[in-house]
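Report on the following structure.
Residue numbers (our numbering): 673 to 950.
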């Protein structure tokens, strides 16, 4: 169990229809219980407010949590999700269970899961290393073009990939893009990362599960006739950044993690069966 703060933030980036109705109900119940709270209708509005709340309730799908994951991790904020979307792998509860969630917060009867994140550094970049909760993917900026990249593990060459792209996923991200690309399902608490080529040209190229303490370096390679084609890398499918042929990406487990609220009795096996239709 966890000692919960009684001051929370409510993030509802799509305040229409059912989401707006649930937000209004949550705010009213917080007032009734004497829980100090603030309402925010966008990530930008939340971050502009200054210090992150100790506990943040996100109304939406996994994308809502992904949009705020880096800021929450850097602030040590506990994040709870009320799934108003489809799969909701990251959510603490469904749209009809918000009363139970608020009761758990009010009585401090919840647990916190530490979800590992990736730290991504581009050579030559002066900005702060970026964080990803699900995955980092590198691909051509022009859809339908393949990439050629060398992947090194602790400076030792693993493989030169010719594929639509290459992605590195956390256990949390194993149910996202990595799963679509043919990667394995990983338990959230597993101390590993997964390297997966996206539609590789060679049938022998498969996902590789790696220890979480490995440092992964991705080096773009120039192909004849394609020197002018640009590459990009994406973080959690939320943001994209360009990368030049002379650049490299260094990926390692981040020192920070995302703190996700978990209700008592929550079971990942049950969640997998429900979300994947097993």
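Don't be surprised by glycine CBs; every beta carbon is placed ideally from N, CA and C.
Here the structure is a predicted model, which is why all the values come from computation and not from measurement.
Could you give the distance in angstroms between the alpha-carbon of residue i and the alpha-carbon of residue j?
i: residue 831; j: residue 932; result: 35 Å
i: residue 942; j: residue 841; result: 22 Å
i: residue 698; j: residue 770; result: 8 Å
i: residue 714; j: residue 681; result: 12 Å
i: residue 904; j: residue 775; result: 44 Å
i: residue 812; j: residue 836; result: 7 Å
i: residue 889; j: residue 881; result: 15 Å
i: residue 875; j: residue 834; result: 11 Å
i: residue 821; j: residue 689; result: 45 Å
i: residue 779; j: residue 704; result: 14 Å
i: residue 950; j: residue 851; result: 15 Å
i: residue 711; j: residue 861; result: 31 Å
i: residue 902; j: residue 927; result: 31 Å
i: residue 658; j: residue 760; result: Residue 658 cannot be examined here, being either before or after the span of the chain that is shown, 673 to 950.
So, are the CB atoms of residue i and residue j less than 8 Å apart?
i: residue 790; j: residue 808; result: yes
i: residue 855; j: residue 805; result: no
i: residue 930; j: residue 744; result: yes
i: residue 751; j: residue 718; result: no
i: residue 702; j: residue 756; result: no
i: residue 764; j: residue 753; result: yes
i: residue 863; j: residue 887; result: no
Mind checking residue i: buried by the 16 CB within 10 Å criterion, or exposed?
i: residue 939; result: exposed
i: residue 787; result: buried
i: residue 847; result: buried
i: residue 802; result: buried
For a test of the three-state rule: what should DSSP assign to residue i, helix, strand or coil?
i: residue 734; result: helix
i: residue 873; result: coil
i: residue 771; result: helix
i: residue 926; result: strand
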